[in-house]
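**Student:**
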Amino acid sequence: MPMPDDFDSTAVDTGEVTLHVAHGGSGPPVLLLHGYPQTHVMWHRLAGRLAQHFHVICPDLRGYGDSDKPSGGADHAAYSKRAMARDCVALMRHFGHARFDMVGHDRGARVGHRLALDYPHALSRLCVLDIAPTLHMFETADRHFANGYYHWFFLIQPDGLPERMIGADPAYFLNEKLARWAAPNARFDAAAVAEYERCFRDPACIHATCEDYRATAGIDLAHDRADRAQGQRIECPLLVLWGAHGFVHKTYDVLSVWRDYAQRVEGRALDCGHFVPEEAPDALYAELQSFLDIAD
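Be aware that the sequence shown starts at 73, since it is given in the working numbering, and climbs by one per residue.
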């Protein structure tokens, strides 16, 4: 396992699901949330450095890794970002943290967006990595978006279609995702990739992660539209970072978009692709030093 040796691995019952969690360090709390199709292990190049200053908590999201994979239900609500945000708040309270900082990548960043709206008093600061807001992406979708984010439309198909197709060769699908979304010449840690493959070979994981995307195309959009109608925006300081070689950078005026969804926004592109914590850990850490007031 590529996570730091002094990190503990444990299972935490949030009241709805049991999450698999790696955590280490001491000090103020910071929650790190991974994206698709990975696990908490994606933080292996950053977690140890942050643990010199923080209590670092890295769960597998529900449906991913070794965390529980409940039934999504008819409306896929069990995989809504609202349900995942509830998991995170319960997890942090388990460790005694009512208020915390958070860094989220990809799906984890979308959970962070929802958490900031549903639990504004829980987040001190939020950093999201390589995403634009879900609602904006759907409402501005065009042929370019469908080509670049084809998986958003593939994974939501009903009747087990994507599950069956991915399940025919899950390691191939996962590695294609890593290769297509990373910058040219990106190098992933072999032990980390082996862990992603181990978890993603589980048919329950394949199904649950499809449910995550089905929720995003349905109930999550309903939640986002309700918030917009009420004028609700992210209140805590927001740092947005993204890969200069990725789809988000090529498609959106990222900071301008996020300013419609948050009150205080800063950020920039980094020299990497989609997988910022693995492709550009030093540059990401430097940005977090300033944002999280790390005194090295």
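No residue lacks a Cβ here, since even glycine has one placed at the ideal position from N, Cα and C.
For the beta strand (DSSP E) containing P309, name the first residue and the last one.
**Tutor:** Looking at the DSSP string, P309 is not in any beta strand (DSSP E), and its letter there is neither H nor E.
**Student:** Measure the C-alpha to C-alpha separation of R134 and H177 and round it to an integer number of angstroms.
**Tutor:** The straight-line gap from Cα to Cα measures roughly 15 angstroms.
**Student:** Taking E359 as the reference, give the member of H346, W314, V326, K322 with the closest Cα.
**Tutor:** Per the Cα distances, W314.
**Student:** Could you give the distance in angstroms between the alpha-carbon of P275 and the alpha-carbon of H216?
**Tutor:** Approximately 31 angstroms, taken between the alpha carbons.
**Student:** Within 10 Å of its beta-carbon, does M237 have 16 or more other beta-carbons around it, so buried, or fewer, so exposed?
**Tutor:** Its Cβ having fewer than 16 others within 10 Å, M237 is exposed.
**Student:** Is the beta carbon of L195 less than 9 angstroms from the beta carbon of L91?
**Tutor:** It is not a contact, given that the beta carbons lie outside the stated cut-off.
**Student:** Could you pull out every residue in the same chain whose Cβ sits closer than 8 angstroms to the Cβ of Y191, ignoring the five residues on either side in sequence?
**Tutor:** Same-chain partners within the cutoff: A157, V161.
**Student:** Inspect the beta-carbon positions of L119 and M75 and report whether they are closer than 9 angstroms.
**Tutor:** The amino acid occupying residue 119 in the given sequence is Ala; Leu does not appear at that position. Cβ atoms of A119 and M75: closer than 9 angstroms.
**Student:** Considering Cα atoms alone, identify which of A204, I129, G318 is closest to G168.
**Tutor:** Considering only alpha carbons, the answer is I129.
**Student:** Using a Cβ-Cβ cutoff of less than 7 angstroms, which residues in the same chain neighbour F226 once the five nearest sequence positions on both sides are dropped?
**Tutor:** P234, listed in sequence order.
**Student:** At the level of alpha carbons, what is the spacing between Y67 and Y285?
**Tutor:** Lying before the first or after the last residue shown, residue 67 is absent from the chain, which here runs from 73 to 368.
**Student:** Grab the span of the alpha helix (DSSP H) containing R340 for me, first residue to last.
**Tutor:** Run containing R340: none in the alpha helix (DSSP H); it sits in the beta strand (DSSP E), 337 to 342.
**Student:** Since S196 is in the beta strand (DSSP E), which residue starts that stretch and which ends it?
**Tutor:** First-last of the beta strand (DSSP E) with S196: 195 to 201.
**Student:** Suppose you measure from the CA of Q361 to the CA of A367; what does that come to, to the nearest Å?
**Tutor:** In a straight line, the C-alpha of Q361 is about 7 angstroms away from that of A367.
**Student:** Among all the DSSP beta bridges, which residues are the ones paired with G96?
**Tutor:** Paired residue(s): V128.
**Student:** Check for me: the alpha helix (DSSP H) holding T288 runs from which residue to which?
**Tutor:** Where T288 is concerned, the enclosing alpha helix (DSSP H) stretches over 275 to 288.
**Student:** Below 8 angstroms on the Cβ atoms is my guess for H377 versus D261; work out the distance and round it to an integer in Å.
**Tutor:** Here the chain covers residues 73 to 368 and nothing more, so residue 377 does not appear.
**Student:** Please list the terminal residues of the continuous beta strand (DSSP E) segment that includes M174.
**Tutor:** Run containing M174: 172 to 177, per the beta strand (DSSP E) assignment.
**Student:** Starting from the C-beta of F245, find all residues in its chain whose C-beta is less than 7 angstroms away, skip the five residues before and the five after it, and write them out in chain order.
**Tutor:** Counting only Cβ-Cβ distances below 7 angstroms, and skipping sequence neighbours, we find I238.
**Student:** State the start and end residues of the unbroken beta strand (DSSP E) segment that holds A83.
**Tutor:** Taken as a continuous stretch (DSSP letters only), the beta strand (DSSP E) holding A83 covers 80 to 85.
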